[in-house]
Amino acid sequence: MYFYGATQSGWDEIRTHAKQWLRARNKRTIEAYIGTDHALTEPEALTAMKQDGVAVFLLTCYSGIFHPKLIVFSSNKYKLLLSGSNNLTRSGLSSNIEFATAVKIPAGAERFVNWESAIHNSSNALSKTLLKDYEQQRNQRLKKLQKSNVPWQFTWRKRRKAAVRKGASIQPKLPIKLEEGTLLYEVMPKETGPMGSQIQILKQVAIGYFGLPNRVGSSVSISLTNVTTGEERCLTMTYNSNTTMRLSIHEASYTERPCFLLFQPKRKKSFDFAVISEALDPMQFQFLDNILGGRRQRKRRTLIF
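Counting from 41, one number per residue, gives the positions in the sequence shown under my numbering.
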């Protein structure tokens, strides 16, 4: 596969199928050639792909922009090319207006074989050194964007949103039921950390809901399960000296906002969660926005049912 950019949430969309495909027959392999232009690609995605058995390569020697969006299935006789406009991102795979087509060519098609060889020869296999260097430079760029108050995305002022308010009072199907113990938490336009993935947790929520001890320096380990992807992770929340508490949730990065988080306790210190994005889930987002009053404010809106 060849992609201009890849994100963790994008890989999560296909990782189960990719792993099943790898296990279905012996000697199957997946190679991923991923670009780093414009810092779209997330280091977490590269790490996850490699852990899942994908041979990951980063483009390092080329001019211009590495911009393909292509998946190739190869056999002894043919190559099946799935070429489209979407990147390996959640929005590209699920909600953007995209186009793709499938083309079958002979396995030995000279021009394509030469193109693949040129890409391979311009790449390096992902290593800890390469990953660390990319992550450091990417974080520096993102910090500059945050300080300059420049939005991650540009939206033309002539663009209008599709109307979704009609019927928004009727509850759509949500990934997590709104029942006793459910936490509805607004993600603010500017959070902290790379891509704003470190979500600041209000003190009363950190202590009263997640069980963080009420003293500076204390911490609590919590288990989170993404109900959409099934991914589980263990995170540590700390009571910092500046009285802030944070959780790092990459699914709620800048590219997903505006969005809400839903949490539901499973057992002690263990929670299901889901991200409801306006771009990806407009009806769900509007319904939750109406529950919180329908008007975004400077202060974070939150509700425990």
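Every residue, glycine too, gets a C-beta built ideally from N, C-alpha and C. These numbers come from a predicted model, not from an experiment.
What is the rounded straight-line gap between the Cα of residue 124 and the Cα of residue 175?
-> 27 Å
From 272, 70, 155 and 279, pick the residue whose C-alpha is nearest to that of residue 250; which is it?
-> If we check each option's Cα against that of residue 250, 279 comes out closest.
State yes or no: is the C-beta of residue 95 within less than 9 Å of the C-beta of residue 72?
-> yes
Element boundaries [alpha helix (DSSP H), containing residue 158] = 150 to 161
Euclidean distance between Cα positions of residue 231 and residue 299 | 12 Å
Through-space distance from residue 296 to residue 207, alpha-carbon basis = Residue confidence for residue 207 is low, a pLDDT of 48 falling below 50, so the modelled location carries little weight and cannot support an answer.
Same chain, Cβ closer than 7 Å to residue 269, five either side skipped, listed in chain order = Same-chain partners within the cutoff: 52.
If we count the other Cβ atoms within 10 Å of its Cβ and call it buried at 16 or more, is residue 302 buried or exposed?
-> buried
Ignore the nearest five residues each way along the sequence and tell me which others in residue 26's own chain have a CB closer than 7 Å to its CB.
-> Here the chain covers residues 41 to 345 and nothing more, so residue 26 does not appear.
Using 8 Å as the threshold, is the segment 129 to 137 in touch with the segment 52 to 63, meaning 3 or more CB pairs across them?
-> The segment 129 to 137 vs the segment 52 to 63: in contact.
Can you tell me whether DSSP reads residue 342 as helix, strand or coil?
-> strand
Less than 9 Å separating the beta-carbons of residue 185 and residue 342?
-> no
List the whole-angstrom C-beta distance separating residue 163 from residue 99, where the pair is believed to meet the contact cut-off of C-beta under 8 Å.
-> 5 Å
Among residues of its own chain, excluding the 5 on either side of residue 217, which ones have a beta-carbon nearer than 8 Å to its beta-carbon?
-> 304, listed in sequence order.
Buried or exposed (CB count within 10 angstroms, at least 16 for buried), residue 109 = buried
Endpoints, the beta strand (DSSP E) within which residue 248 is located = It is not in any beta strand (DSSP E) - residue 248 instead sits in the alpha helix (DSSP H) that spans 243 to 248.
In three-state DSSP terms, what is residue 277?
-> strand
In this structure, does DSSP put residue 143 in helix, strand or coil?
-> strand
So, using beta-carbon positions, are residue 120 and residue 141 closer together than 9 Å?
-> At a Cβ-Cβ threshold of 9 Å, residue 120 and residue 141 do not count as neighbours.
For residue 253, name the three-state secondary structure that DSSP assigns.
-> coil
May I ask you to list the residues that DSSP assigns as paired with residue 286?
-> 240
Can you tell me whether DSSP reads residue 118 as helix, strand or coil?
-> strand
Apart from the five residues on each side of it in sequence, which residues of its chain come closer than 8 Å, Cβ to Cβ, to residue 149?
-> Non-local beta-carbon contacts of residue 149 in its own chain, meaning distances under 8 Å to residues more than five positions away in sequence, involve 119 in chain order.
Among 63, 344, 92 and 42, which has the Cα closest to the Cα of residue 219?
-> Proximity to residue 219 across 63, 344, 92 and 42 peaks at 344, based on C-alpha coordinates.
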